[in-house]
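Novice: Numbering (the working numbering), first residue to last: 59 to 215. All residues carry an ideal CB built from backbone N, CA and C; glycine is no exception. Attaching a single structure in structure tokens format; questions to follow.
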């Protein structure tokens, strides 16, 4: 989700609930403890220098069970953080503590913010010797009638 999409969601939302990838919800007394700009400057395994930027939001819960953030308060947090994040329409990454600090993507679904699983990937498959995925298709589609050099009784097989 881009930052502009989050702002639009919050502008139209009456309440704010965050759903984890396993279907459970972040406790409703969560805090936003950080919002900032993350820049990852790196070299992939093929030697290409890359840079990625994200707007990062850290979600945290404590023992203050009566605490609630409404959508307007989160919009205010975003507005203040734009001093650091800037006005770029960046992808959002949400940090949330489970067994370790998890980093998630986010999307709006059924009136909730749903955290999505992020996965690693090789950005230079052509340099690593990783074979491309084979295209799977039914055997009858591999040979088009009339294109085969072998025919039944033709003696080539």
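With DSSP run on the structure shown, which of helix, strand or coil describes residue 120?
Specialist: Residue 120 falls in the coil class under three-state DSSP.
Novice: Just tell me which of 88, 67, 112 has its CA closest to the CA of residue 99.
Specialist: If we check each option's Cα against that of residue 99, 112 comes out closest.
Novice: Taking C-beta to C-beta, are residue 96 and residue 151 nearer than 8 Å?
Specialist: The answer is yes: Cβ separation under 8 Å.
Novice: In the DSSP assignment, the alpha helix (DSSP H) including residue 106 goes from what residue to what residue?
Specialist: It is not in any alpha helix (DSSP H) - residue 106 carries neither H nor E in the DSSP assignment.
Novice: Three or more C-beta pairs under 8 Å: does that hold for the segment 64-80 against the segment 120-136?
Specialist: Taking 8 Å as the limit for Cβ pairs, the verdict is that the segment 120-136 does touch the segment 64-80.
Novice: Sorted by chain position, which residues of the same chain lie with C-beta nearer than 7 Å to residue 125's C-beta, five sequence neighbours on each side aside?
Specialist: Taken in chain order, the residues that qualify are 87, 89.
Novice: Between the segment 171-180 and the segment 69-86, do at least 3 Cβ pairs fall closer than 8 Å?
Specialist: Touching, yes.
Novice: What separation, rounded to the nearest whole angstrom, lies between the Cα atoms of residue 183 and residue 101?
Specialist: Cα to Cα, the separation comes out at about 14 Å.
Novice: Would you call residue 59 buried or exposed, if buried means 16 or more other Cβ atoms sit within 10 Å of its Cβ?
Specialist: It is buried - the Cβ of residue 59 has at least 16 other Cβ atoms within 10 Å.
Novice: Could you check which residue in 163, 105, 94 has the C-alpha nearest to that of residue 180?
Specialist: Among 163, 105, 94, the Cα nearest to that of residue 180 is on 105.
Novice: What span of residues does the alpha helix (DSSP H) with residue 185 cover, start to end?
Specialist: 183-186 is the extent of the alpha helix (DSSP H) around residue 185.
Novice: Pick helix, strand or coil for residue 158, following the three-state DSSP scheme.
Specialist: The answer is coil: DSSP assigns residue 158 none of H, G, I, E or B.
Novice: Using a Cβ-Cβ cutoff of less than 8 Å, which residues in the same chain neighbour residue 94 once the five nearest sequence positions on both sides are dropped?
Specialist: 113, 114, 139, 142, 143, listed in sequence order.
Novice: Please say whether residue 117 and residue 84 have beta carbons closer to each other than 8 Å?
Specialist: Contact flag set, yes.
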